[in-house]
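Trainee: The numbering of the sequence shown is my numbering, which starts it at -11 and goes up by one.
Even for Gly, the Cβ is constructed at its ideal location relative to N, Cα and C.
Treat the numbers as computed from the prediction; the structure is a model and nothing was measured.
Can you read through this structure? Questions will come right after.
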Amino acid sequence: MIRTAQLTKSFGERTLWQGVDLTLPSGRMLALVGPSGSGKTTLLNCLGLLEKPSSGDILHGEKSLTHLGAGGRRRFRKAHLGYLFQNYALMENATVRQNLDLARRDRERQAHALERVGLAGRGGEKVHRMSGGEQQRIALARLMVKQPSLVLADEPTGALDEGNGRMVIDTLRQMAHEGCTVVVATHKEDVRDGCDDAFDVHTQCLSVAV
Ligand SMILES: Nc1ncnc2c1ncn2[C@@H]1O[C@H](COP(=O)(O)OP(=O)(O)O)[C@@H](O)[C@H]1O
Ligand SMILES: [Mg+2]
């Protein structure tokens, strides 16, 4: 379980959000919502230890993550985190399989994940020859192969048609069922509705589903 304690982020005079206390239990999906520029991506990046908050703490169990050095942050990301970005963040000149190897070299898991996202038998293909929807599905398969305890997704359906968007959310839901925590930054109503809880980074209002 990850928890934030009085987390605050400012750029110069401008405070994006302050005093954020969020608990991210495993098995749940939290949507980060709010207008463009309100700080959704920045909050995700702080949770992913890619950016430092201005003050406050991020805790994994009892352990503070904000005080880790570069090596500790890298190890935490490798052991626990999975990302899903709008631009997929794949190695485009490599094959599907080589991209999945980055998560874990386990052919059985890889085959299962590719089947789940509708790309069975396509492991030998070069990523750059595949469509945007297919590339997002590869990124999803990579997450499933890694099976991280915390998934951070930034507008993961932003560039997708409705069917592919649905598949992304369904897959994230399945991963939550299997025990991971999912945090999704989104400006889309249907994605928010597909999550359990929603935190508006602008109003700092948390709506919790019962
Ligand atoms: N490194 C930075 N220096 C200064 N301002 C930044 C930096 N990173 C982000 N911002 C600003 O913080 C605000 C929030 O950005 P972002 O987290 O991307 O919002 P969202 O994802 O909700 O659209 C934006 O106004 C952006 O310009
Ligand atoms: Mg953003």
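1. Who's in the neighbourhood of ligand 1, going by beta-carbon under 5 Å from any heavy atom, listed in chain order?
2. Is there contact between the stretch 75 to 93 and the stretch 34 to 54, where contact requires at least three CB pairs shorter than 8 Å?
3. Do the CB positions of residue 29 and residue 188 come within less than 8 Å of each other?
4. Shortest alpha-carbon distance to residue 160 belongs to which of 14, 26, 39?
5. For the candidate residues 198, 129, 197, whose alpha-carbon lies nearest to that of residue 77?
6. Do the stretch 100 to 107 and the stretch 16 to 24 touch if we need at least three Cβ pairs shorter than 8 Å?
7. Who pairs with residue -9 in a beta bridge, going by DSSP?
8. Using the beta-carbon count (16 or more within 10 Å), is residue 75 buried or exposed?
9. Taking DSSP's pairing of strands, which residues face residue 193 in a bridge?
10. Can you tell me which of the three DSSP states residue 111 falls into?
11. Which residues in the same chain have their Cβ closer than 6 Å to the Cβ of residue 33, if we skip the five residues on either side of it in sequence?
12. Count the other C-beta atoms from every protein chain shown that fall within 10 angstroms of the C-beta of residue 25, then say buried if there are 16 or more, exposed otherwise.
Mentor: Here's the rundown:
1. Listed by chain position, these are -1, 24, 25, 26, 27, 28, 29, 30.
2. Touching, no, given that fewer than three Cβ pairs across the two stretches are closer than 8 Å.
3. Cβ atoms of residue 29 and residue 188: not closer than 8 Å.
4. Of the listed residues, the one whose Cα sits closest to residue 160 is 14.
5. Closest option to residue 77, Cα to Cα, is 129.
6. Below 8 Å, too few C-beta pairs join the stretch 100 to 107 and the stretch 16 to 24 to call them touching: fewer than three.
7. Partner(s): 11, 47.
8. It counts as exposed.
9. Paired residues: 188.
10. It is coil, neither helix nor strand.
11. Here the set comprises 39.
12. That one is exposed.
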